[in-house]
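There are 2 protein chains.
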Amino acid sequence: MGKVVAALSMSLDGFVADENDGVGELFGWYQNGDVEVPSADPRRVFHVSKASAGFLRHALTGTGALICGRRLFDRTDGWGGRHPAGCPVFVVSHTVPGGWPRPDSETSFHPDAISALEAAQDTAGERTVSVSTPALTQQYLDAGLLDELVVSVVPVLLGAGVSFFREQEVGPIRLADPDVIEGTGVTHLTYRVLR
Amino acid sequence: MGKVVAALSMSLDGFVADENDGVGELFGWYQNGDVEVPSADPRRVFHVSKASAGFLRHALTGTGALICGRRLFDRTDGWGGRHPAGCPVFVVSHTVPGGWPRPDSETSFHPDAISALEAAQDTAGERTVSVSTPALTQQYLDAGLLDELVVSVVPVLLGAGVSFFREQEVGPIRLADPDVIEGTGVTHLTYRVLR
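These protein sequence lines are chains A and B, in that order. Using the working numbering, read the first sequence as starting at 1 and increasing by one per residue. Using the working numbering, read the second sequence as starting at 1 and increasing by one per residue.
The following block contains the structure:
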């Protein structure tokens, strides 16, 4: 089975969005370089530093399924039906939003984190299941189901906002030393979760 | 004048001590390697990885004055009168603790963060003033008086404890991309604060 990975951009003081759910400060690195990286959505092309390009290509092409929460799904309007990674999307949500599911989109809805993960792993096979919501990341961490944390640390202190890490149900969770990729306006740290 | 630098060890989820003020998980890198690094206190010798040794020697020898809060001072019992960096210590405290100041220790007490910084800078001259308390770090950040943040990120999620970063009075504070030193059990990130 493929890895279960949580990958988010985070300010040095631990936020994945500002107080108004804005991500302008944190997503700047997707458009601050010369290297063009296409996504699965032809309307969305990234322009990143050389170091970030390798990181981003690997993330986009290696992902076989994406899990998110209802809030992120609503905020992005379900990525218009097609996520930049081009993979099926598994939304954890008690209700199915109006207009969904759509015949032109591989997007499905699941009542809880565990059933969403099982369905995502079935679809992803040997490829990575990517978790892109902080609350779900913490649930999978607590349950011992997360293999890697990929933190793209942005050199800014936001001072307030939506935290990446949440109240943890278990004691210290130890990680291996990270792989480090030094981009422009971002430092990508990939940590393996130790069991 | 020398730089004003805040240097702390922090878990990936942003804590500089656990819920009981313990730092065992965070200070492991000071004793997990083969390279001996002496401190100014002969009873305290560090054993670190090769990468951390250069980082630590630079920090210990480059510091001309150290600022801390009363809580850290009390917890360490004033480092027995002699901080490992061998420099004078400036404690921010409304009251002077019993038995202090001592004739054998270059430790002084100052009623507020600003007067402590002025006195520390007078003493340090061209050398670094090191800030080693989270609350004071945030005060100097808010006041635009901090030049660098040195975060030794430890690969662990504590889930709870004493946070490095606090509620910030000002909007986003932008930093330059960090210098990165990859130690064992720690990643040292040195960020310059942009004005």
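In this text, a Cβ means the ideal position worked out from N, Cα and C, and glycines have one as well.
Among the options, whose alpha-carbon lies nearest the alpha-carbon of residue i?
{"i": "Gln168/B", "options": "Asp13/B, Ala143/B and Asn20/B", "result": "Ala143/B"}
{"i": "Gly28/B", "options": "Arg70/B, Met10/B and Pro111/B", "result": "Met10/B"}
{"i": "Ile67/A", "options": "Glu25/A, Pro111/A and His47/A", "result": "Pro111/A"}
{"i": "Asp147/A", "options": "Thr95/A, Ala160/A, Thr190/A and Val170/A", "result": "Thr190/A"}
{"i": "Lys3/A", "options": "His188/A, Leu145/A, Glu182/A and Leu157/A", "result": "Leu145/A"}
{"i": "Glu25/A", "options": "Phe73/B, Ile181/B, Ala160/B and Gly171/B", "result": "Gly171/B"}
{"i": "Lys50/B", "options": "Ser39/B, Asp34/B, Phe165/B and Ile114/B", "result": "Asp34/B"}
{"i": "Gln139/B", "options": "Gly161/B, Thr76/B, Arg192/B and Arg166/B", "result": "Arg166/B"}
{"i": "Thr61/B", "options": "Arg70/B, Pro38/B, Trp79/B and Arg43/B", "result": "Pro38/B"}
{"i": "Val16/B", "options": "His188/B, Arg195/B and Phe164/B", "result": "Phe164/B"}
{"i": "Pro155/A", "options": "Val150/B, Gly159/B, Leu157/B and Leu158/B", "result": "Val150/B"}
{"i": "Val92/B", "options": "Pro101/B, Phe73/B and Arg102/B", "result": "Phe73/B"}
{"i": "Leu141/A", "options": "Leu157/B, Ser152/B, Arg43/B and Arg44/B", "result": "Leu157/B"}
{"i": "Asp18/B", "options": "Ala160/B, Arg195/B, Thr184/B and Leu8/B", "result": "Ala160/B"}
{"i": "Glu106/B", "options": "His83/B, Gly99/B and Arg70/B", "result": "His83/B"}
{"i": "Thr184/B", "options": "Gly14/B, Ser52/B and Leu8/B", "result": "Ser52/B"}
{"i": "Leu56/B", "options": "Val193/B, Ser152/B, Arg195/B and Arg192/B", "result": "Ser152/B"}
{"i": "Ala135/B", "options": "Leu12/B, Val162/B and Phe109/B", "result": "Val162/B"}
{"i": "Asp77/B", "options": "Gly99/B, Ala59/B and Thr95/B", "result": "Gly99/B"}
{"i": "Pro101/A", "options": "Val45/A, Gly81/A, Asp13/A and Asp179/A", "result": "Gly81/A"}
{"i": "His58/A", "options": "Arg195/A, Leu117/A, Leu194/A and Ile181/A", "result": "Ile181/A"}
{"i": "Val96/A", "options": "Asp104/A, Ser108/A and Pro103/A", "result": "Ser108/A"}
{"i": "Leu12/A", "options": "Arg195/A, Val186/A and Leu194/A", "result": "Val186/A"}
{"i": "His47/A", "options": "Ala40/A, Glu36/A, Asp179/A and His188/A", "result": "Glu36/A"}
{"i": "Ile114/A", "options": "Asn20/A, Leu194/A and Thr137/A", "result": "Thr137/A"}
{"i": "Gly22/A", "options": "Arg75/A, Ala116/A and Leu117/A", "result": "Arg75/A"}
{"i": "Ala40/B", "options": "Trp79/B, Gly14/B and Asn20/B", "result": "Trp79/B"}
{"i": "Ala7/A", "options": "Thr133/A, Pro42/A and Asp104/A", "result": "Thr133/A"}
{"i": "Gly54/B", "options": "Arg44/B, Leu117/B, Ala116/B and His188/B", "result": "His188/B"}
What is the DSSP secondary structure of residue i, counted as helix, strand or coil?
{"i": "Ser39/A", "result": "coil"}
{"i": "Thr107/B", "result": "strand"}
{"i": "Ser132/B", "result": "coil"}
{"i": "Glu148/B", "result": "strand"}
{"i": "Arg192/A", "result": "strand"}
{"i": "Thr137/B", "result": "helix"}
{"i": "Ser115/A", "result": "helix"}
{"i": "Gly98/B", "result": "coil"}
{"i": "Ser163/B", "result": "strand"}
{"i": "Thr61/A", "result": "helix"}
{"i": "Phe55/B", "result": "helix"}
{"i": "Phe27/B", "result": "helix"}
{"i": "Gly124/B", "result": "The question names Gly, but residue 124/B is Ala in the sequence shown. The answer is helix: DSSP assigns Ala124/B an H, G or I state."}
{"i": "Arg82/A", "result": "coil"}
At the 8 Å Cβ level, is residue i part of the contact set with chain A, yes or no?
{"i": "Gly207/B", "result": "A query on residue 207/B cannot be resolved here, the shown segment of chain B reaching from 1 to 195 and no further."}
{"i": "Ala160/B", "result": "yes"}
{"i": "Val37/B", "result": "no"}
{"i": "Gln31/B", "result": "no"}
{"i": "Pro134/B", "result": "no"}
{"i": "Val92/B", "result": "no"}
{"i": "Pro178/B", "result": "yes"}
{"i": "Leu157/B", "result": "yes"}
{"i": "Phe165/B", "result": "yes"}
{"i": "Val150/B", "result": "no"}
For residue i, decide whether its Cβ has a neighbour in chain B, counting only Cβ atoms nearer than 8 Å.
{"i": "Thr187/A", "result": "yes"}
{"i": "Leu141/A", "result": "yes"}
{"i": "Arg174/A", "result": "yes"}
{"i": "Pro97/A", "result": "no"}
{"i": "Ser55/A", "result": "The sequence as given places Phe at residue 55/A; Ser does not occur at that position. Taking Cβ atoms only, chain B never reaches closer than 8 Å to Phe55/A, which makes this a no."}
{"i": "Val23/A", "result": "no"}
{"i": "Val4/A", "result": "no"}
{"i": "Glu182/A", "result": "yes"}
{"i": "Gln168/A", "result": "yes"}
Name, in chain order, the residues that DSSP records as bridge partners for residue i.
{"i": "Val156/A", "result": "Arg174/B"}
{"i": "Met1/B", "result": "None; Met1/B has no bridge partner."}
{"i": "Arg70/A", "result": "According to DSSP, Arg70/A bridges with nothing at all."}
{"i": "His47/B", "result": "Glu36/B"}
{"i": "Leu8/A", "result": "Val151/A"}
{"i": "Glu182/B", "result": "Thr187/B"}
{"i": "Val92/B", "result": "Gly69/B and His110/B"}
{"i": "Ala17/B", "result": "Val162/B"}
Answer yes if the region 74-91 of chain B comes into contact with the region 108-125 of chain B, meaning at least three C-beta pairs across the two stretches below 8 Å, and no otherwise. yes
Could you tell me whether the region 18-35 of chain B touches the region 165-180 of chain B, where touching means 3 or more Cβ pairs closer than 8 Å? no
For the structure I just gave you, are there three or more beta carbon pairs, one from the region 128-142 of chain B and one from the region 55-69 of chain B, closer than 8 Å? yes
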